[in-house]
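Q: Start counting at 1 in the sequence shown, then tack on 19, and there's your number in the numbering used here.
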Amino acid sequence: MATREERVRVLRLIEEGKISAEEGARLLAALERSSKARQRRARPRTTPEEGSGRWMRLRVSDTKTGRTKVNMTLPLGLVNMGLQVGARFVPEVASLDIQQIREALRAGMPGK
């Protein structure tokens with residue numbers, strides 16, 4: 020939506036006779052279109068996984084001692100992005116069934 024000041028400025032131009040009502044209507048419509056385009060660009064782009072607030076807890080333990088080496092929580096959107104990037108640059112990741120991994124993550128399947 021166009022800002023209040025912009026709309027008032029156009030209405031004042033009409034009131035002062037500097038532009039016609041028809042020209043003012045066109046200006047107001049253009050302001051509205053411009054404002055909607057700005058709002059669309061400003062809206063963050065999220066996939067359902069990113070916007071759902073789902074997280075993956077990653078724990079890595081030493082098999083000999085049982086001590087935790089890594090314990091972190093990652094948003095699923097970041098995990099999905101990492102899988103996509105990894106599939107492009109790491110041959111071992113490219114050979115995995117990434118869709119199956121995504122479905123397991125969404126379902127909350129525990130790892131080993």
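The C-beta atom is built at its ideal place from N, Cα and C for all residues, glycine as well.
Write down the C-beta distance between residue 123 and residue 113 rounded to the nearest angstrom, noting that I regard them as a contact closer than 8 Å.
A: Contact doesn't hold; Cβ gap of about 18 Å is too wide.
Q: Quick one: is residue 99 buried, meaning 16 or more other Cβ sit within 10 Å of its Cβ, or exposed?
A: Residue 99 should be labelled buried.
Q: Below 9 Å between beta carbons: does that hold for residue 87 and residue 74?
A: In this structure, residue 74 does not lie closer than 9 Å to residue 87 by Cβ.
Q: Could you check what DSSP says for residue 83 in three-state terms: helix, strand or coil?
A: Of the three classes helix, strand and coil, the one that applies to residue 83 here is coil, per DSSP.
Q: Does DSSP put residue 97 in a helix, a strand or coil?
A: Note: residue 97 maps to helix in three-state DSSP.
Q: Using the DSSP secondary-structure output, state which residues sit across from residue 92 in a beta bridge.
A: Looking at the DSSP assignment, residue 92 forms a beta bridge with 76.
Q: My output table needs one value for residue 55: the three-state DSSP class, helix, strand or coil.
A: Of the three classes helix, strand and coil, the one that applies to residue 55 here is helix, per DSSP.
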